[in-house]
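Have a look at the structure below, then the notes.
In our numbering, the protein residues as written are 706 to 836.
Here it is, written out as structure tokens:
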């Protein structure tokens with residue numbers, strides 16, 4: 706294992722309000738590319754605040770097409786980050802989406818890592834430091 710990866714430092718976890726230990730090294734190399742893609746990040750952020758969301762509501766909220774949302778949900782589902790729940794309401798098909806425990810943890814890690822990347826450029830008031 707690379708020595709740089711074994712060294713650790715603490716960063717603030719915005720979800721729990723606690724300090725979290727992460728490995729030092731090239732922190733930006735450990736950002737989850739599945740979540741980092743802007744549409745998938747928007748999906749994850751939207752789902753993080755609800756128990757589940759109707760496919761059409763999520764589609765409208767994010768301004769996506771059926772095919773675009775389906776493609777991104779498939780990537781998130783393959784990673785185990787969301788669950789796509791298909792059912793019927795009467796005779797009509799219904800699709801709901803919920804964030805999985807693994808997805809919530811991945812999103813928390815993503816936010817912590819991103820904060821670690823940005824932390825050197827921000828002061829305690831979250832205003833950009835002057836160079």
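Positions of the beta carbon are idealized from the N, C-alpha and C atoms, including for glycine.
Since this is a predicted model, take the numbers as computed values, not measurements.
Would residue i pass as an interface residue toward chain C - the criterion being a Cβ-Cβ separation below 8 Å?
| i | result |
| --- | --- |
| residue 818 | Here there is only one protein chain, and chain C is not present. |
Measuring CA to CA, which of the options is closest to residue i?
| i | options | result |
| --- | --- | --- |
| residue 753 | 805, 822, 821 and 823 | 805 |
| residue 812 | 826, 797 and 785 | 785 |
| residue 803 | 779, 795, 817 and 820 | 779 |
| residue 767 | 758, 737 and 747 | 747 |
| residue 761 | 825, 807, 818 and 791 | 791 |
What do you get for residue i, buried or exposed, if any count of 16 or more other CB atoms within 10 angstroms of its CB means buried?
| i | result |
| --- | --- |
| residue 777 | buried |
| residue 772 | exposed |
Could you name the residues of the same chain whose beta carbon sits closer than 6 Å to that of residue i, not counting the 5 residues immediately before and after it, in chain order?
| i | result |
| --- | --- |
| residue 774 | 764 |
For residue i, which residues from the same chain have a beta carbon less than 7 Å from its beta carbon, with the 5 sequence-adjacent residues on both sides left out?
| i | result |
| --- | --- |
| residue 809 | 753 |
Give the secondary structure of residue i by DSSP, where H, G and I count as helix, E and B as strand, and everything else as coil.
| i | result |
| --- | --- |
| residue 710 | Annotation note: pLDDT 43 at residue 710 (below 50); position unreliable, coordinate value reported separately. Helix at residue 710. |
| residue 792 | strand |
| residue 825 | helix |
| residue 762 | helix |
Can you give me the start and stop residues for the beta strand (DSSP E) that residue i sits inside?
| i | result |
| --- | --- |
| residue 770 | First-last for residue 770: undefined, no H or E at that position. |
| residue 804 | 797–804 |
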